[in-house]
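Just so you know, we're using the UniProt record's numbering here: the sequence shown kicks off at 1 and counts up by one.
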Amino acid sequence: MSTKLLRPLLNNKRAMRTASRMWCATYSTSSTDSPVRVQYVSVNAPSFADAELTDTPPADGSGSIAIVTLNRLKAKNSISRQLLDDLHTAVTRDYAGQGTRALILRSAAPDIFCAGADLKERKTFTQDDTRAFLAKLNHTLDLLETQAVPTIAAIDGVALGGGLELALAADFRVLGPSAVVGLPETRLAIIPGAGGTYRLPRLVGTSRALDLVLTGRRVGAAEALQLGVASRALVNSGESADEGAWALAREIGAGGPVALVAAKQAVRGAAPAWEAGMYARVVNTEDKFEALAAFAEKRKPVFKGR
């Protein structure tokens, strides 16, 4: 769909939401059979509906938001070997070095984020296959968690088992009205094996994590927000998780690129030494002096990432 056809709709809030969903559907579909696709949107795009996706970051270095889309729709984005290989490749990119301000992990379908492991494929695994698969899955999620740029999982529909564990490795989880999340592994006589048993307690505490892990129950967006699983929940807004994640990414992207990376590292490090080291890194940057000048001149700062 041409973005020119969308612009007349932007003055009407309801029409804008519809337009953004149409945009999402139009640009989500990959031209290849790859189950994971990486694209970029300029951080300066005026709206979610008006943004244009490209396969490479903006050449002018003005900043971008990376969009990593799960696109294995016939299998509900279940994590197969191929999807895992592609996801691993996607999270090893140097997004900060490309001028990317934030990364959104999303699904090409509005009713499913990720159903977890591909159980049909898993049936064919030997014990060695299973060990190798889990090792790579855990390494991939570790890479996502330690990405230099802030990461956001946009969850519309179901995120179960490994699908929720994938989202837990992101810095933020934005849940749409239809989102349902859970760790049902104990009902399959196993346990979460991709970080769920330690990332979830960090977010919600031991007791609440045990509730979700031992019962295997599913929770909607409102309860997920109450528990602390969700960072934001768009329960009554009528917006999709994609729209909410886009708004959060643009909000984050307004900050200085060097400061964003340093702040994330400091928070993840969670220690005075980390904070002191990261502060020393940003205190004399060009971006810092530009921010001070912009404040004095009552204008918007132009950050260059240095």
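Just so you know, even glycine gets a beta-carbon here, dropped at the ideal spot from N, CA and C.
Just so we're clear, the structure is a prediction, and the values are computed from it rather than from any experiment.
VAL41 and LEU87 - do their beta-carbons sit closer together than 9 Å? On the sequence shown, residue 87 is found 87 positions in, with the first residue counted as 1. On the sequence shown, residue 41 is found 41 positions in, with the first residue counted as 1. No, these two residues do not count as a Cβ contact at 9 Å.
Using 9 Å as the threshold, is the C-beta distance between SER231 and VAL174 below it? Mapped onto the sequence shown, residue 231 falls at position 231. Mapped onto the sequence shown, residue 174 falls at position 174. Yes, the pair counts as a contact, with Cβ atoms nearer than the cut-off.
Tell whether a beta-carbon distance below 9 Å holds between LEU183 and PRO177. Locating residue 183 in the sequence shown gives position 183, counting from the first residue. Locating residue 177 in the sequence shown gives position 177, counting from the first residue. In this structure, PRO177 does not lie closer than 9 Å to LEU183 by Cβ.
Taking contact to mean at least 3 C-beta pairs separated by less than 8 Å, is the segment 202-209 in contact with the segment 121-136? no
Threshold first: 3 residues or longer. Then list the beta strand (DSSP E) segments lying entirely within the segment 90-116, N to C. 100-107, 112-114
Extent of the continuous beta strand (DSSP E) run through GLN39: Locating residue 39 in the sequence shown gives position 39, counting from the first residue. Here the beta strand (DSSP E) through GLN39 covers 36-42.
In the structure shown, what three-state DSSP assignment does ARG173 receive? Reading the sequence shown from its first residue, position 173 is the one you call residue 173. Residue state, collapsed to three classes: strand.
Is there contact between the segment 281-292 and the segment 254-264, where contact requires at least three CB pairs shorter than 8 Å? yes
Name, in chain order, the residues that DSSP records as bridge partners for THR285. In the sequence shown, counting from the first residue as 1, residue 285 sits at position 285. According to DSSP, THR285 bridges with nothing at all.
Measuring only the C-alpha atoms, how far is PRO150 from ILE104? Position 150 of the sequence shown, counted from the first residue, corresponds to residue 150. Position 104 of the sequence shown, counted from the first residue, corresponds to residue 104. Rounded to whole angstroms, PRO150 to ILE104 spans 9 Å at the Cα level.
Spatially closest choice to VAL91 from GLN147, LEU234, LYS123, by CA coordinates: Within the sequence shown, residue 91 is the residue found at index 91, counting from 1. The shortest C-alpha separation from VAL91 is found at GLN147.
Assign VAL302 to buried or exposed, taking buried as 16 or more other Cβ atoms, counted over all protein chains shown, within 10 Å of its Cβ. Reading the sequence shown from its first residue, position 302 is the one you call residue 302. VAL302 should be labelled exposed.
With H, G and I counted as helix, E and B as strand and the rest as coil, what does DSSP make of LEU234? As a working note, residue 234 is residue 234 in the sequence shown. Coil at LEU234, not helix or strand.
At which residue ranges does the segment 188-246 contain complete beta strand (DSSP E) runs of 3 or more residues, listed in the order of the chain? 218-220
Just mark ILE112 as buried or exposed, buried being the case when its beta carbon has 16 or more other beta carbons within 10 Å. Translated into positions along the sequence shown, residue 112 becomes position 112. The residue is buried, with at least 16 neighbouring Cβ atoms inside 10 Å.
Do ALA249 and VAL43 come within 9 Å of each other at the CB atom, strictly closer than that value? Here the question's residue 43 lines up with position 43 in the sequence shown. Here the question's residue 249 lines up with position 249 in the sequence shown. Yes, Cβ-Cβ distance for VAL43 and ALA249 is below 9 Å.
What residue from ALA167, GLU145, GLU239 has the CA that sits closest to VAL229's CA? On the sequence shown, position 229 is the one that residue 229 refers to. Comparing Cα positions, the closest option is ALA167.
PRO110: which of VAL38, PHE172, ARG72 sits nearest, CA to CA? Counted from its first residue, the sequence shown places residue 110 at position 110. Here the closest residue by C-alpha is ARG72.
Opening and closing residue of the alpha helix (DSSP H) in which VAL261 lies: Translated into positions along the sequence shown, residue 261 becomes position 261. Run containing VAL261: 257-269, per the alpha helix (DSSP H) assignment.
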